[in-house]
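Protein chains in written order, with the working numbering: chain P, 257 to 532; chain F, 257 to 532; chain V, 257 to 532; chain S, 257 to 532.
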């Protein structure tokens, strides 16, 4: 179990979202309300687009709430597009290569949920990864395998279609092994130009996922932030769990749905259907 | 806020107490029930008496629940006397020198609670530390200052008296600075031959503290552990928070009370009165 | 590049070998004389046989020379058989699952050297691992793959034969991929009852490997250690690099040679021939 | 012993200086040529001026050469003024609060060298720190005490004068305790607007210190970097140890000298005389 959030809009100091929010992602690392676990203290990660080539990633095995470097980064890095993730490990070790977001080239990838009985499926799924990518898998999470499968199926070209093929493949492999309820979770992807998210579970109710509702949502969340007040037209957030209970601010993403956020903050939803 | 536990008795594999207990200290690091904070994930420490000279200490900034090395140590070190501590930091950084137990020579020391407005008192309290000990203070917790004050006042000779002088001194310094409610907490001390604990608060209800009730308590806690079943006569535990709800197993230490556990598991209680 | 050492003999405090030796393994982490790199500061590990079930492992991403916990463990754990390893990473991340010794059941495994162009071979080699073991690979070193291949080929039953099959397999896979000079290194294995070591390279001069020469060697190394003086008959060391220049104390293991140390410190050498 | 570097000039990606230099500071962490120790692997730190309020600091206990996050930051943060420091600990623990640069408000501070027999002097020196600053000392290095003494004596107003008073005070306290050769080292300070450095030792030859020689020095160091080629007029570097052997590129700062770098890269040297 984990929690993640994505920002897409005007450049902001990352701390505005991570630390200066009423129930932001760092607070969720200690006190998640809607997650399968209340504590998400098994490392975290931050990926952002800004200076330099491609996105940056910062991965730490410390809990997000106590990492002094995260506070420093958040207070001194501005970015128009970033993803943050707090982890609750389920089996795999707490090590930097197991922290999200995962990255390749321009793409960042986060996941909340799990592949059921991954140990049974791991070998077959890794064989389905493009051999060119195989040796790049440095960690031991299910998510890193999902990410590399998605890259194999075109994540850099068409993220939603790639995830539909990937999830379809995982469900097929799970079937062969007699594993039920193969996929559970939400996924977030960006290339710096757009932001995509998926909410899906093979069988059960998928993990929660929300988007900020519309142009006024961010303004309501940060009434004292002048920058947000003046020019929030393009700003969008996607979060595992709302930062507040403010009515009208959050929109729940329906089950089996893919979301695309593009320039100007435009948001599209469409059904997510794993491809056989 | 923190949680701690102490074992005094026959040599046991440390994991029996840390991991194989229904609501042991590692479980309390994630889900404390009686603490001021539910999560105690800001590092931990283990101090034990066994092979080699003096007690060993293992300090880690990782949460106790995810530290692979702690599982290894606990599964492969046997000890007749050990203290474990899980930390919830309140202000000072998560760093190894801030982890309990603190040690000097044969003495181990743990604390749950705090010195109120420590930043105001820190300088005066450190000036009251024996100058020989001053440069040995490597961390920034209130506890390390309390420990060195107690060493200054004879912790190695008479722990309870030394703590009475130390707490009295802290309360006097706090008074001078207009700080109310100076001391809050429970303290644990051992030299490998005896185990001492104190429950005290200047003003409020002190943090919780319990001892295992009598010779049968450990047997009830570990019905499937053959060693405990056969020979638990000397075994005693002191804990911030009971490991179970079993009736009759735990005895609450009264407020303003000092406890001494000696050979044969004998337990004495006496009033704890800070010395002016 | 790395350095390792193994102790087999009477129970000793681990610090005697790690810290109280003139040019012990921890000193080699800072100043290796015979290694491909002078600094081996990318984590380390210690595996020992003693209390509890099976061997214990302690893995740390800190350099061996500065890890406070290693000093504590070494000063307070006694063991008759242990292996220590200091790492100089070549490509794979500095993370705990990449630290040696690797363990399964009763077996510990260390390696100094590398598989050439591992990224090219990784997928084929992992496919050759017993599918039951596949999901147990948590790190990204070449050594962990070698270890699991060796387990696949009977490391727990006949370590030298299993390594001959494993190295033969790696050389064959390398040939298929046009990779020259596939295997370089020394390997150490124990099950607590015996100690095995191999020195081998496909093409070049293999990494250095030495054994303590005979019954008097340990006595010469530790003239002030009473325990070693009185009863060193069974004691043997195997090291990447001698702890001292004392003449007669160290015996260089010839190239393409396997060494077995058994009860009573008896040492056998035989040719090591990879099996096609 | 340590190594440090400072950049003052046009905004650059930090990696240009840290990683893309022939013998940059990260290379010096593994292979210092002029330092008292060849390995500076006991943590490092980076402080920079850029987005957000005041300077940012990133502190890590990992060696600079293996910290994945440092590579990320360096590759994705641009700054016109930054200081980097690699540490070789001499006594005090490897922990984040012991990493340089130290910061207060707008000021960053680094040090290479040591206060002789600090343990003897620590108490008296800490008593000389402004009581308001006393409780802010979280680590256990001599440098943090020097920094807080310098703040006490006006580091934020007149850095060179404050350091002259501070060093004078330390030498006086050392005299009282019969400690010879009290101060050894080089110091670097910035407030984002200017950069100051001092090279001084009470008795012996002080640690090495160099500035980039003139407007063409940076161009010579980075012949393939277009940005440096076109507009390096203002750029200055101060380093413990030259990045290259290029003749004419580096100017050695004389002993007992203070350096000031201001807008436009103007460099002034003046004698440094500790104030009694």
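Here a beta-carbon is modelled for each residue, glycine too, at the ideal position from N, C-alpha and C.
Inter-residue CB distance, residue i and residue j (contact presumed, cutoff 8 Å)
i             : j             : result
residue 492/S : residue 467/S : 7 Å
residue 333/V : residue 306/V : 7 Å
residue 394/F : residue 357/F : In fact, because the Cβ distance is near 14 Å, the residues do not count as touching under 8 Å.
residue 513/V : residue 461/V : So it is not a contact: roughly 13 Å between Cβ atoms.
residue 263/V : residue 366/V : So it is not a contact: roughly 12 Å between Cβ atoms.
residue 465/V : residue 499/V : Actually they do not touch by this definition, with Cβ atoms about 14 Å apart.
residue 331/V : residue 312/F : 7 Å
residue 299/F : residue 317/F : 4 Å
residue 411/V : residue 439/V : No, residue 411/V and residue 439/V are not in contact; Cβ-Cβ is about 16 Å, not under 8 Å.
For residue i, the three-state DSSP class (helix, strand or coil)
i             : result
residue 413/P : coil
residue 444/V : strand
residue 271/V : helix
residue 464/P : coil
residue 509/P : coil
residue 482/P : helix
residue 426/V : helix
residue 350/F : coil
residue 449/F : coil
Whole-angstrom distance between residue j and residue i, CA atom to CA atom
i             : j             : result
residue 309/V : residue 469/F : 31 Å
residue 255/F : residue 523/F : Since the first and last residues shown for chain F are 257 and 532, residue 255/F lies out of range.
residue 419/V : residue 278/P : 58 Å
residue 388/V : residue 297/S : 39 Å
residue 430/V : residue 386/V : 19 Å
residue 441/S : residue 341/S : 14 Å
residue 472/V : residue 505/V : 8 Å
residue 382/F : residue 452/F : 24 Å
residue 459/V : residue 428/V : 14 Å
residue 530/V : residue 457/V : 10 Å
residue 540/V : residue 515/V : Because chain V here runs from 257 to 532, residue 540/V falls outside it and cannot be looked at.
residue 399/S : residue 374/S : 10 Å
residue 416/S : residue 501/S : 30 Å
residue 269/V : residue 326/V : 12 Å
residue 329/F : residue 314/V : 8 Å
residue 258/V : residue 422/V : 21 Å
residue 369/V : residue 321/S : 20 Å
residue 350/P : residue 414/S : 46 Å
residue 521/P : residue 450/P : 9 Å
residue 390/P : residue 480/F : 46 Å
residue 408/S : residue 362/S : 15 Å
residue 519/S : residue 337/S : 11 Å
Cβ of residue i within 8 Å of any chain P Cβ
i             : result
residue 341/V : no
residue 345/F : yes
residue 307/S : yes
residue 391/V : yes
Within-8 Å CB hit, residue i to chain F
i             : result
residue 473/P : no
residue 387/S : yes
residue 378/S : yes
C-beta neighbour in chain S for residue i, strict 8 Å
i             : result
residue 396/V : no
residue 478/P : no
residue 499/F : no
8 Å Cβ cutoff, residue i in contact with chain V
i             : result
residue 375/P : yes
residue 334/F : yes
Chain-ordered residues of the region 310-332 of chain P with a beta carbon less than 8 Å from chain V: The region 310-332 of chain P vs chain V, Cβ under 8 Å: nothing.
Within 7 Å of chain P by C-beta, residues of the region 267-298 of chain S in sequence order: Taking 7 Å as the upper bound on Cβ-Cβ separation, chain P lies near residues 269 of the region 267-298 of chain S.
Residues, ordered as in the chain, of the region 347-360 of chain V that lie near chain P by beta-carbon distance below 9 Å: Shown in chain order are the members of the region 347-360 of chain V whose Cβ falls below 9 Å from a Cβ of chain P: 348, 349, 350, 351, 352, 353, 354.
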